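K.L.:
In the numbering used here, the protein residues as written are 81 to 537.
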Amino acid sequence: MRLELFDLIDDTVRLLDLNNPAYQYVEGSIKSCFEHLLEDTMDVVVGFSSRIKSIGSLKEKIIRNKYYLNFKSGEEVLDFLPDLIGLTVECRFISDENRVYNAISHQFEYTGPQSYAQCVLYPQLYLNLAMPQPQLQRNGFTIYRIDGYYLFNGKKVNFELQIKSLVHSFWSEIEHQVVYKNTQYVMFDGFMKDLLASIRDNLDVVDHQLQIVHTQILNQNKDQDIGMSERGFKMFMAKSISDLYSLKMIESIGFTTDFKKCSAVLSQYIYIKDFVQSDHPQQKMVDYFEHFNLLKISDLDFTEPIMLEKEFVHYDPFCDVLGRYWQNIINIDFEWHVFFVMLFAIQPGNNIQDFTMFVEVLKSLIVNRLWYQGKFESLGSVIAQTIRDDLLRSVAEAMVEVGKIEIVHEDRLLQIMNLFHERVDELESTISQSGQYSQRRAEILSGLKHSICALFL
């Protein structure tokens with residue numbers, strides 16, 4: 081004689097099989113209803129999946145939840161079973177789950193003092209919107225899970241609605257297949273829970289990264305520029321330079337460092353030098369593409385000294401100070417050595433010419449020539465030029481004093497530019513006579529230099 085609980089299980093399974101055609105119809109109807117209800121959110125919804133409770137899962141649930149203690153017949157079990165039918169709405173990202181839930185809940189309303197709200201468009205469809213969302217699962221993670229039922233021929237057919245991002249759907253499958261179907265898991269309960277929690281946290285990071293990629297792709301698709309845009313050219317150049325640097329550093333000295341910010345500066349330099357002034361920027365792009373392919377199969381040795389064809393001299397005080405400094409340390413400070421090896425590699429030809437051009441472009445990133453040329457003119461052209469030269473020299477001397485490779489990073493150049501513009505505007509408004517500048521000259525130049533150096537502390 082066997083236990084009574086197995087009679088209950090057999091009765092429940094028999095009814096499940098007997099009513100299967102009706103359940104299949106309800107399953108299809110529920111799925112169609114939600115597909116229609118979520119038409120306006122199809123930009124984030126990627127799919128719908130549904131199922132009717134399997135016999136194996138039903139047996140396991142009756143025993144695990146001890147239904148045999150509370151119910152006497154299979155009909156009572158099926159009437160109570162909250163996930164007789166299961167529907168999952170799958171969306172792209174974790175942040176989309178709440179948007180989908182709100183889109184659904186706004187289409188249901190309460191028609192009486194009950195916990196289940198009725199669908200406005202499909203009156204036979206009900207959801208328990210009183211349940212707090214998202215719900216906390218036994219594994220400690222959250223999920224959007226809503227109980228519902230569908231009226232079919234006057235009888236309630238229970239279903240469970242779940243809203244899951246791609247990452248959460250993936251995790252559910254992993255957890256179900258790897259954990260719950262592994263009976264040995266309990267032997268390593270504490271360790272495995274910590275490990276699984278770590279994996280889940282990493283999946284959340286993946287979700288965030290995928291959302292960034294998706295947003296970036298959408299932004300690029302909105303770009304209506306015909307041909308090569310400024311942003312596209314710079315991104316191409318920066319990535320190509322960074323990839324080339326990593327490859328050649330490994331080949332030359334066996335390790336690599338972060339060169340992304342320097343790559344961005346070199347990309348900006350090439351953009352100003354070759355893209356802005358070119359009548360055929362697309363052809364320039366092709367030329368650089370071919371040049372980088374050639375460099376990948378060429379030798380690029382970071383251990384060899386750089387030779388400039390002649391001594392660097394420049395009429396501009398900013399360029400002269402900074403250029404002479406770089407020429408002196410180009411084969412001493414390895415960071416600067418690597419930077420100029422890359423510059424001369426991507427700009428084949430005369431090194432001293434490329435060196436001079438880079439210093440001049442760097443100055444243009446800090447000082448707008450047309451803006452700066454008109455400063456202090458009320459003091460007379462000679463005094464005005466003297467003040468401008470002094471200030472530019474002070475900026476260059478401050479950068480030399482800092483000496484770090486960071487002085488050419490775009491964010492740092494922007495900081496220097498903003499500070500320099502503020503000081504120039506301030507001085508122009510307070511100095512009305514040449515004598516005032518002469519008296520305060522040392523103080524002004526020292527203060528400017530100190531302020532720039534302080535940016536790098």
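Idealized CB from N, CA, C, for every residue including glycine.
All of these numbers come straight from a predicted model, not from anything done at the bench.
Just verifying my parser: in three-state terms, what is the DSSP assignment at residue 333?
P.N.:
What you label residue 333 is simply residue 253 of the sequence shown in a count that begins at 1. Residue 333: helix per DSSP, three-state reduction.
K.L.:
Between which residues of its own chain and residue 230 is the CB-CB distance below 7 Å, once the five residues before and five after are set aside?
P.N.:
Counted from its first residue, the sequence shown places residue 230 at position 150. 106, 109, 110, 204, 205, 237, 239.
K.L.:
Please determine if the region 419-427 and the region 441-454 are in contact, where contact requires at least 3 C-beta pairs separated by less than 8 Å.
P.N.:
Short answer: they don't touch.
K.L.:
According to DSSP, what are the bridge partners of residue 189?
P.N.:
In the sequence shown, the residue the question calls residue 189 occupies position 109. Residue 189 is bridged to 198.
K.L.:
Beta-carbon separation of residue 355 and residue 313 under 7 Å?
P.N.:
By 1-based counting over the sequence shown, the position of residue 355 is 275. By 1-based counting over the sequence shown, the position of residue 313 is 233. Yes, Cβ-Cβ distance for residue 355 and residue 313 is below 7 Å.
K.L.:
Ignore the nearest five residues each way along the sequence and tell me which others in residue 305's own chain have a CB closer than 6 Å to its CB.
P.N.:
For this step, residue 305 is matched to residue 225 along the sequence shown. Residue confidence is low: residue 305 scores 43 on pLDDT, short of 50, so the model does not pin down where it sits. No coordinate-derived value is stated.
K.L.:
Report buried or exposed for residue 410, applying the criterion of at least 16 other Cβ atoms within 10 angstroms of its Cβ.
P.N.:
Position 330 of the sequence shown, counting from 1, holds the residue named residue 410. Residue 410 is buried by the Cβ-count criterion.
K.L.:
On a Cα-Cα basis, can you pick out the residue from 497, 537, 311, 471 that is closest to residue 523?
P.N.:
Stepping through the sequence shown from its first residue, residue 523 is reached at position 443. Minimum Cα distance to residue 523 is reached at 471.
K.L.:
Classify residue 266 as buried or exposed, calling it buried when 16 or more other Cβ atoms lie within 10 Å of its own Cβ.
P.N.:
Within the sequence shown, residue 266 is the residue found at index 186, counting from 1. Unreliable positioning characterises residue 266 in this predicted model, as indicated by a pLDDT of 49, which lies under 50. A coordinate reading is not provided.
K.L.:
What is the C-beta distance between residue 482 and residue 402, in whole angstroms, given that I count them as a contact (C-beta under 8 Å)?
P.N.:
Stepping through the sequence shown from its first residue, residue 482 is reached at position 402. Stepping through the sequence shown from its first residue, residue 402 is reached at position 322. The Cβ separation is near 11 Å, so there is no contact.
K.L.:
Quick check on this structure: which residue in 502, 434, 375 has the alpha carbon closest to the alpha carbon of residue 392?
P.N.:
Here residue 392 refers to the residue found at position 312 of the sequence shown. If we check each option's Cα against that of residue 392, 434 comes out closest.
K.L.:
Would you say residue 177 and residue 245 are within 7 Å of each other, going by their C-beta atoms?
P.N.:
What you label residue 177 is simply residue 97 of the sequence shown in a count that begins at 1. What you label residue 245 is simply residue 165 of the sequence shown in a count that begins at 1. Yes. Within cutoff.
K.L.:
Using a Cβ-Cβ cutoff of less than 6 Å, which residues in the same chain neighbour residue 394 once the five nearest sequence positions on both sides are dropped?
P.N.:
Within the sequence shown, numbered from 1, the residue matching residue 394 stands at position 314. Hits under 6 Å: 400, 403.
K.L.:
I need the DSSP call for residue 130, collapsed to helix, strand or coil.
P.N.:
Translated into the one-based positions of the sequence shown, residue 130 becomes position 50. Looking at residue 130 - three-state DSSP - the assignment turns out to be strand.
K.L.:
Over what stretch of residues does the alpha helix (DSSP H) that includes residue 341 continue unbroken?
P.N.:
Sequence index remark: in the sequence shown, residue 341 carries index 261 (1-based). Unbroken alpha helix (DSSP H) run through residue 341: 340-350.
K.L.:
Looking at C-alpha atoms only, which residue of 336, 163, 183 is the closest neighbour of residue 241?
P.N.:
Within the sequence shown, the letter at position 161 stands for residue 241. The option with the nearest alpha carbon to residue 241 is 163.
K.L.:
Looking at C-alpha atoms only, which residue of 168, 292, 533 is the closest neighbour of residue 253?
P.N.:
Residue numbering aside, residue 253 sits at position 173 when the sequence shown is read from its first letter. Nearest of 168, 292, 533 to residue 253, Cα basis: 168.
K.L.:
Are residue 330 and residue 336 touching if we call contact CB-CB under 7 Å?
P.N.:
The residue given as residue 330 occupies position 250 in the sequence shown. The residue given as residue 336 occupies position 256 in the sequence shown. A contact, by the Cβ cut-off of 7 Å.
K.L.:
From 132, 124, 152, 136, pick the residue whose C-alpha is nearest to that of residue 85; which is it?
P.N.:
Numbered from 1 along the sequence shown, position 5 holds the residue referred to as residue 85. Answer by Cα proximity: 152.
K.L.:
Can you round the beta-carbon distance between residue 535 and residue 499 to whole angstroms, since I take them to be within the 8 Å contact cut?
P.N.:
For the purposes of this step, residue 535 is identified with residue 455 of the sequence shown, where counting begins at 1. For the purposes of this step, residue 499 is identified with residue 419 of the sequence shown, where counting begins at 1. The Cβ separation is near 7 Å, so the contact holds.
K.L.:
Specify, as a first and last residue, the run of the alpha helix (DSSP H) that residue 495 falls within.
P.N.:
As a position in the sequence shown, residue 495 is number 415, starting the count at 1. First-last of the alpha helix (DSSP H) with residue 495: 490-510.
K.L.:
By a C-beta neighbour count over all protein chains shown, 10 Å radius and 16 as the cutoff for buried, is residue 190 buried or exposed?
P.N.:
By one-based count along the sequence shown, residue 190 stands at place 110. Result: exposed.
K.L.:
In the DSSP assignment, what residue or residues form a beta bridge with residue 113?
P.N.:
Within the sequence shown, residue 113 is the residue found at index 33, counting from 1. According to DSSP, which records beta bridges pairwise, residue 113 is partnered with nothing at all.
K.L.:
If you draw a straight line from the alpha carbon of residue 97 to that of residue 201, how long is it in whole angstroms?
P.N.:
Against the sequence shown, residue 97 aligns to sequence position 17. Against the sequence shown, residue 201 aligns to sequence position 121. Cα to Cα, residue 97 sits roughly 31 Å from residue 201.
K.L.:
Find the nearest neighbour of residue 103 within the set 89, 218, 131, 174, judged by alpha-carbon distance.
P.N.:
The residue you call residue 103 lines up with position 23 of the sequence shown. Nearest C-alpha to residue 103: 131.
K.L.:
Does residue 129 come within less than 7 Å of chain D when only Cβ atoms are used?
P.N.:
This model lacks chain D altogether; it includes just one protein chain.
K.L.:
Check the C-beta distance from residue 157 over to residue 222 and give it rounded, since I have them as a contact under 8 Å.
P.N.:
Mapped onto the sequence shown, residue 157 falls at position 77. Mapped onto the sequence shown, residue 222 falls at position 142. In fact, because the Cβ distance is near 28 Å, the residues do not count as touching under 8 Å.
K.L.:
Less than 7 Å between the C-beta atoms of residue 345 and residue 441, yes or no?
P.N.:
Numbered from its first residue, the sequence shown carries residue 345 at position 265. Numbered from its first residue, the sequence shown carries residue 441 at position 361. Not closer than 7 Å, so no.
K.L.:
Quick check on DSSP: helix, strand or coil for residue 470?
P.N.:
Mapped onto the sequence shown, residue 470 falls at position 390. If DSSP states are grouped into helix, strand and coil, residue 470 belongs with the helices.
K.L.:
In the DSSP assignment, the beta strand (DSSP E) including residue 222 goes from what residue to what residue?
P.N.:
Working through the sequence shown from its first residue, we reach residue 222 at position 142. Unbroken beta strand (DSSP E) run through residue 222: 222-232.
K.L.:
If I measure Cβ to Cβ from residue 503 and keep anything under 6 Å in the same chain, skipping five residues before and after, which residues do I get?
P.N.:
Mapped onto the sequence shown, residue 503 falls at position 423. Here the set comprises 528.
K.L.:
Between residue 388 and the rest of its own chain, which residues show a CB-CB distance below 7 Å, the 5 nearest in sequence each way excluded?
P.N.:
As a working note, residue 388 is residue 308 in the sequence shown. Within the same chain, residue 388 has close Cβ partners 407, 431, 432, 435.
K.L.:
Among 188, 183, 342, 281, which residue has its Cα nearest to the Cα of residue 123?
P.N.:
Within the sequence shown, numbered from 1, the residue matching residue 123 stands at position 43. Cα-wise, what sits closest to residue 123 is 183.
K.L.:
Suppose you measure from the CA of residue 375 to the CA of residue 413; what does that come to, to the nearest Å?
P.N.:
Looking up residue 375 in the sequence shown gives position 295. Looking up residue 413 in the sequence shown gives position 333. Rounded to whole angstroms, residue 375 to residue 413 spans 24 Å at the Cα level.
K.L.:
Which residues in the same chain have their Cβ closer than 7 Å to the Cβ of residue 473, if we skip the five residues on either side of it in sequence?
P.N.:
The sequence position of residue 473 within the sequence shown is 393, counting from 1. For residue 473, where only same-chain residues beyond five positions count, the Cβ hits under 7 Å are 397, 398, 401.
K.L.:
Taking DSSP as the reference, what is the three-state secondary structure of residue 461?
P.N.:
The residue given as residue 461 occupies position 381 in the sequence shown. Three-state DSSP puts residue 461 in a helix.
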